[in-house]
Amino acid sequence: MLKIWSMKQKQQQAENAQPGKKKKVTAAQLRVQKDLSELSLGSTMRTEFPNPDDILNFTLTIEPDEGMYKGGRFHFSFAINQNFPHDPPKVKCTQKIYHPNIDMEGNICLNILREDWKPVLNLNAVIVGLQFLFLEPNASDPLNKEAAEDLKTNREGFKRNVRSSMGGGSVKGQTFERVLK
Amino acid sequence: MDMDGASVNGSPAGMDRKRWTYLDRILNRPGPFTDEEWVPGEPNIESLERMKILGAGGLGCEILKNLALSGFKDIHVIDMDTIDVSNLNRQFLFRQADVGRPKAEVAAQFVEKRVRGVKITPFCGKIQDKDEDYYMQFGMVICGLDSIEARRWINATLVGMVDNDDADTLKPLIDGGTEGFKGQARVILPTMTSCIECQLDMHAPRAAVPLCTLATIPRQPQHCIEWAHIIAWEEERKGNDTLDTDDPEHITWLYQKALARANEFNIPGVTYSMTQGVVKNIIPAIASTNAIVAAACCNEAFKIVTSTNPPLGFPGTNNYMMYTGDDSVYTYTFEHSKKDDCPVCGNLAKNLEVDPNTTLEDFIASLAEKPEAQLKKPTLRTEEKSLYYQSPPSLEEQTRPNLKKKLSELVSDGEQIAVSDPAFQITFKFKLVFKK
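Here it is, written out as structure tokens:
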């Protein structure tokens, strides 16, 4: 044991750390803080923090300026736990929308939110991924099977369905939330 | 254990020493790897008996037994679990009659009875229930925790405790972990060598199946269970109940949903116990893996305390032993490097003397002028509060009013703040000490 301390002294770190009784910023907070500072949201996205002191829970709003979902305003909740970045953030769409990769409960099929998440990825990657879902809805990874089927077999019909669902209309018996700006 | 007790029970000359004949051969004779300055005999026995060591978590039975039989005399043990009937196949300190009792307590009693002269102090609870004052009393911490969260917590706590002017504040951390046939043992000298946070990428993330597979084309019984767990529950029951994986009614409901779905897709194999396993993410524990990893950990503890052999974990030497038992019996030992930008040990909190009457705005300006920092666009927070965020815009706006406030209104004397800046990879940590 004595040997370890003499090695420590040899390392001669110039730090003057003191043991503190106060709570320390957690590793997850440090990482989220870094991720937030590297966020590039552009004009189509913004974040909202219901409690600004809690950076682990916030909402993201996406307003696509092109593609089939142009003119809509979509809200997502982000919940990050203390295991971040080992665990991915939990992201959900808080509105009921018609989208092949998002189900009625707001679950999202985005590979980097689940099976392909890696700690080297950051919040920006997730946000870019979400934005991409509105530009290029993906019929091969369906969570809403009917919407995916529509997109695959009848693109024009799918577009019409998107428009009517965004206006608060119903598609095949399901009524959707009005999300137009 | 106090010294009086040690000299009565554990006197090397006494009769009790007979039990330790084989151990004494290592403690009393120099070997090919002992240091020139190493003194055989008494001092080693003394340091073993005086070493107050803390064991925590799931490898408990093995670790406790090994420590007691390696000559440690003052062992503390923390575990939050109670004994379940499914533990009895490998957690050999427990008997049928103990089911339902706290593990730490039963294990302590058993080992105290079997190994004379050892004192074991149990605590039934979470490691997070204890503070730095508690951890400060130990010479070393050895854990076999079952979650990454708990590992990160104990790691950050021990790193944060190191005071460069006080040798007693540096507590070697020995971490063991197993998952099925695989396991690892590693030694961390907090602030000196690679820590658990540096090694976070060594934990394989839990294998996940794409959500769309679960929703549309399940192929395995586990897919059906996962579907019931994440999708069916939310659709049908979320509003009324939060899922409790220990509630048999909840598991039964999930099991029946999964079974119905499996029948629909002609997938055989969904069972109640598989449902439990998938939902609670249970990976079968294998007794021999636990034994091997716990033995490796306790061996390291013994070597560190007695200096009878070079242990894992000295700076510039190997600190990580991985064991793979599913593909023959393979071990590999290597040095995991310390990460310069590790958020826990990469940059330790520096003291910074500040005038409590300075506004946050002026404090930020002073950070830009500090030659070693030169933080031009810093973002700052404490554990509790977001002090000022440069981005995203909504958070900037919400935290902007803080700029005009005095530091004394925002932080307390001695509180730690984390400062990040897009120009730097690392986050700086400062402990703000108020000028008197």
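Residue numbers (full-length UniProt numbering), protein chains in the order written: chain V, 1 to 181; chain C, 1 to 436.
Where a beta carbon is used, it is the ideal one built from N, C-alpha and C, also for glycine.
Residue 319(C): not part of any beta strand (DSSP E); DSSP gives it neither H nor E. Segment contact: the segment 100-112 of chain C against the segment 26-37 of chain C, fewer than three CB-CB distances shorter than 8 Å; contact not assigned. Per DSSP, reduced to three states, the secondary structure at residue 86(C) is helical. Residue contact check for residue 93(V) against chain C: no CB pair falls below 8 Å.
Here the alpha carbons of residue 143(V) and residue 317(C) stand approximately 50 Å from one another.
At a C-beta separation below 7 Å, residue 43(V) has no neighbours in chain C, since its nearest C-beta there lies roughly 11 Å away. Distance from the CA of residue 58(C) to the CA of residue 101(C), rounded to the nearest whole angstrom, comes to 15 Å. Judged by DSSP in its simplified three-state form, residue 31(V) adopts helix.
Boundaries of the alpha helix (DSSP H) harbouring residue 103(C): 103-114, taken from the DSSP string. Following the DSSP letters along the chain, one finds residue 222(C) inside the alpha helix (DSSP H) bounded by residues 221-227.
Of all residues in the segment 150-170 of chain C, those with a C-beta nearer than 8 Å to a C-beta of chain V are 152, 156, 160, 161, 162, 163, 164, 167, 169 and 170, reading in chain order. Secondary structure note for residue 172(V): it is in no beta strand (DSSP E), with a DSSP letter that is neither H nor E.
Note on geometry: alpha-carbon atoms of residue 347(C) and residue 199(C) lie some 16 Å from one another. Here the alpha carbon of residue 405(C) sits roughly 6 Å from the alpha carbon of residue 360(C). Taking a Cβ-Cβ threshold of 7 Å, the residues of chain C close to residue 8(V) are 170 and 192, in chain order. Close CB contacts of residue 91(C) within its chain, under the 7 Å cut and outside five residues either way in sequence, are with 61 (chain order). As the crow flies, the alpha-carbon of residue 56(C) is around 24 Å from that of residue 5(V). Between the alpha carbons of residue 26(V) and residue 230(C) lies a distance of about 28 Å. Taking each of 202(C), 76(C), 333(C) and 356(C) in turn and checking the Cα distance to residue 134(C), the smallest one comes out for 76(C).
The beta carbon of residue 115(V) sits closer than 8 Å to some beta carbon of chain C. Residue-level contact check: residue 48(C) does not touch chain V, since none of the beta carbons of chain V fall below 8 Å from its beta carbon. CA-CA distance, residue 408(C) to residue 165(C), rounds to 29 Å. If you draw a straight line from the Cα of residue 91(V) to the Cα of residue 124(V), it is about 13 Å long. Distances from the alpha-carbon of residue 69(C) to those of 145(C), 49(C) and 147(C) put 49(C) closest.
Between the beta-carbon of residue 333(C) and that of residue 27(C) there is about 24 Å, and that puts the pair past the 8 Å contact cut. Closest by C-alpha distance to residue 421(C), out of 415(C), 364(C) and 434(C), is 364(C). Proximity to residue 23(V) across 157(C), 141(C) and 118(C) peaks at 157(C), based on C-alpha coordinates. Note that the segment 168-185 of chain C does not touch the segment 104-113 of chain V; fewer than 3 beta-carbon pairs, one per stretch, sit closer than 8 Å.
Counting other Cβ atoms within 10 Å of its Cβ, residue 241(C) stays below 16 and is therefore classed as exposed. Collapsing the DSSP output to three states places residue 256(C) in a helix. Proximity of chain C to residue 86(V) at the Cβ level (cut-off 8 Å) is accounted for by 148, 200, 203 and 205, in chain order.
If only uninterrupted beta strand (DSSP E) runs of at least 3 residues are considered, those enclosed by the UniProt domain "E2 binding" (352-435) of chain C are 379-381, 386-388, 416-420 and 428-434. For residue 127(C), same chain residues with a beta-carbon under 7 Å away, outside a window of 5 residues either side, are 56, 78, 150, 153 and 154 in chain order.
For residue 220(C) and residue 250(C), the gap between their C-alpha atoms comes out near 21 Å. DSSP lists 62(V) as the beta-bridge partner residues of residue 45(V). Only exposed fits residue 355(C), as fewer than 16 other CB atoms lie within 10 angstroms of its CB.
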